[in-house]
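A.B. asks:
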Amino acid sequence: MTAATAVKQPAVQTALSVDKVAMHFGGLVAISDMTFSVGEGEIVSLIGPNGAGKTTAFNVVTGFLTPTHGDVTYRGRSLRGMKPQAIADLGLIRTFQRTSVFPNDTVYDNVLIGLHRRGRVGVLPSVLGLPRVRRLETQLKQQAAELVDYVGLGRRADDLAGSLSYGEQRLVGVALALAAEPSMLLLDEPVSGMNASETHTFVQLIRKIRDRGITILLVEHDMPMVMSVSDRIVVLNYGRIIAEGTPEVIRNDPAVIEAYLGQGVKHA
Ligand SMILES: Nc1ncnc2c1ncn2[C@@H]1O[C@H](COP(=O)(O)OP(=O)(O)OP(=O)(O)O)[C@@H](O)[C@H]1O
-16 MTAATAVKQP AVQTALSVDK VAMHFGGLVA ISDMTFSVGE GEIVSLIGPN
34 GAGKTTAFNV VTGFLTPTHG DVTYRGRSLR GMKPQAIADL GLIRTFQRTS
84 VFPNDTVYDN VLIGLHRRGR VGVLPSVLGL PRVRRLETQL KQQAAELVDY
134 VGLGRRADDL AGSLSYGEQR LVGVALALAA EPSMLLLDEP VSGMNASETH
184 TFVQLIRKIR DRGITILLVE HDMPMVMSVS DRIVVLNYGR IIAEGTPEVI
234 RNDPAVIEAY LGQGVKHA
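Quick note on numbering: the numbering used here labels position 170 of the sequence shown as 153, and the sequence is numbered without any gaps.
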């Protein structure tokens, strides 16, 4: 081995590849020729002014929309033609802008329900109370409590989910997403509606999730948050990628500054 190869950093494996994707709605081109990738364990943010195509991009990646052109690949496998549930089964799990919790159930029960959905215990064994089912139930209860603690809602575990602040409800959404054991998490505007302190705590949570080895793609409007948490940022405008790079590069990119002028967004 030469000295040059000895010091070379190992290349980051690509987790998600978006290749020349276009999405048309009738005559409207929501996304065109979009190509970017996310490496394993990376935190990448997709940003852009209102209507730039961010949510559409999320919907294409997670199978809620079938792209007009192009392909999305996860861990080397094309997602073309796959339904959202099949994509989720590959470990690509998303959260939604609106988190739908069961307001009359506790935070803990909401997460337990999420885990049950994943556990898929048949009705008959469950009714019969078989030992295997009882063991699984104990396991799921323990996992639910751990997840509630993990996202920082330990103190609210027994409160009704409907009594939580909007920001706290987003955390339930993250706990539910983690219950699905993602290898990649797609977060759609996770801090919208959070105050500064909640946002700060959420940034730490995202880092903690990444440190578990989970890759993260984020759509977010809160620029200071995006700048502080992202390894890399992809900027969309009118459905096209206009810049891509580290927060430092993006912050100083003239095309990005131009795109955001007059948008009234919070600046980093
Ligand atoms: N189902 C749809 N049918 C028709 N047009 C759509 C549809 N979904 C999105 N669009 C259009 O595609 C464009 C991109 O929308 P998209 O919601 O992806 O943008 P965005 O960047 O997520 O915006 P925002 O930041 O406001 O959420 C917009 O012009 C929007 O009106």
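Here a beta-carbon is modelled for each residue, glycine too, at the ideal position from N, C-alpha and C.
Return the Cβ separation of residue 81 and residue 45 in integer angstroms, given the expectation that the two are a contact with Cβ distance under 8 Å.
C.D. replies: Along the sequence shown, one-based indexing puts residue 81 at 98. Along the sequence shown, one-based indexing puts residue 45 at 62. Residue 81 to residue 45, Cβ: 15 Å. No contact.
A.B. asks: I want to check one thing, is the minimum distance from the CB of residue 3 to the heavy atoms of ligand 1 below 6 Å?
C.D. replies: Here residue 3 refers to the residue found at position 20 of the sequence shown. No - ligand 1 has no heavy atom lying nearer than 6 Å to the Cβ of residue 3.
A.B. asks: Please return the same chain residues whose Cβ sits closer than 8 Å to the Cβ of residue 99, not counting the five positions on each side in sequence.
C.D. replies: Here the question's residue 99 lines up with position 116 in the sequence shown. Correct list, in chain order: 123.
A.B. asks: By the three-class DSSP mapping on this structure, what secondary structure does residue 239 have?
C.D. replies: As a working note, residue 239 is residue 256 in the sequence shown. Three-state result, residue 239: helix.
A.B. asks: Residue 137 by DSSP, collapsed to three states: which one?
C.D. replies: On the sequence shown, position 154 is the one that residue 137 refers to. Helix.
A.B. asks: Taking C-beta to C-beta, are residue 186 and residue 218 nearer than 7 Å?
C.D. replies: Working through the sequence shown from its first residue, we reach residue 186 at position 203. Working through the sequence shown from its first residue, we reach residue 218 at position 235. In this structure, residue 186 sits away from residue 218, with a CB-CB distance that is not shorter than 7 Å.
A.B. asks: On the DSSP letters alone, give me the boundaries of the beta strand (DSSP E) that residue 226 sits inside.
C.D. replies: For the purposes of this step, residue 226 is identified with residue 243 of the sequence shown, where counting begins at 1. Counting along the chain, the beta strand (DSSP E) containing residue 226 begins and ends at 223 to 228.
A.B. asks: With hydrogens ignored, establish whether the beta-carbon of residue 34 is closer than 6 Å to any heavy atom of ligand 1.
C.D. replies: In the sequence shown, residue 34 corresponds to position 51, counting from 1. Within the cutoff, so yes.
A.B. asks: Answer yes or no: do residue 1 and residue 84 have a C-beta to C-beta separation smaller than 7 Å?
C.D. replies: Along the sequence shown, read from residue 1 onward, the residue named residue 1 stands at position 18. Along the sequence shown, read from residue 1 onward, the residue named residue 84 stands at position 101. No, they are not a contact pair.
A.B. asks: By alpha-carbon positions, which one of 158, 115, 164 and 75 ends up nearest to residue 94?
C.D. replies: Looking up residue 94 in the sequence shown gives position 111. Minimum Cα distance to residue 94 is reached at 158.
A.B. asks: Under 6 Å from any heavy atom of ligand 1, does the C-beta of residue 38 make it?
C.D. replies: Position 55 of the sequence shown, counted from the start, is the residue given in the question as residue 38. Yes.
A.B. asks: Compute every distance between the C-beta of residue 226 and the non-hydrogen atoms of ligand 1, then say whether any falls below 6 Å.
C.D. replies: Taking the first residue of the sequence shown as position 1, residue 226 is located at position 243. For ligand 1, not one heavy atom lies less than 6 Å from the Cβ of residue 226.
A.B. asks: Can you tell me which of the three DSSP states residue 163 falls into?
C.D. replies: Residue mapping note: residue 163 aligns to position 180 of the sequence shown, counting from 1. Coil, per DSSP.
A.B. asks: What are the uninterrupted segments assigned as alpha helix (DSSP H) that are 4 or more residues long and contained completely in the region -7 to 56, given in chain order?
C.D. replies: Fully enclosed alpha helix (DSSP H) runs of 4 or longer: 37 to 44.
A.B. asks: Buried or exposed for residue 33, going by 16 or more other Cβ atoms inside 10 Å?
C.D. replies: Numbered from its first residue, the sequence shown carries residue 33 at position 50. Exposed, because fewer than 16 other Cβ atoms sit within 10 Å of the Cβ of residue 33.
A.B. asks: Exposed or buried, what is residue 237 when buried is set at 16 or more other beta-carbons lying within 10 Å of its beta-carbon?
C.D. replies: Along the sequence shown, read from residue 1 onward, the residue named residue 237 stands at position 254. Exposed is the call here.
A.B. asks: Going by DSSP in three states, residue 197 sits in which element: helix, strand or coil?
C.D. replies: What you label residue 197 is simply residue 214 of the sequence shown in a count that begins at 1. In the structure shown, residue 197 sits in coil (DSSP, three-state: anything other than H, G, I, E or B).
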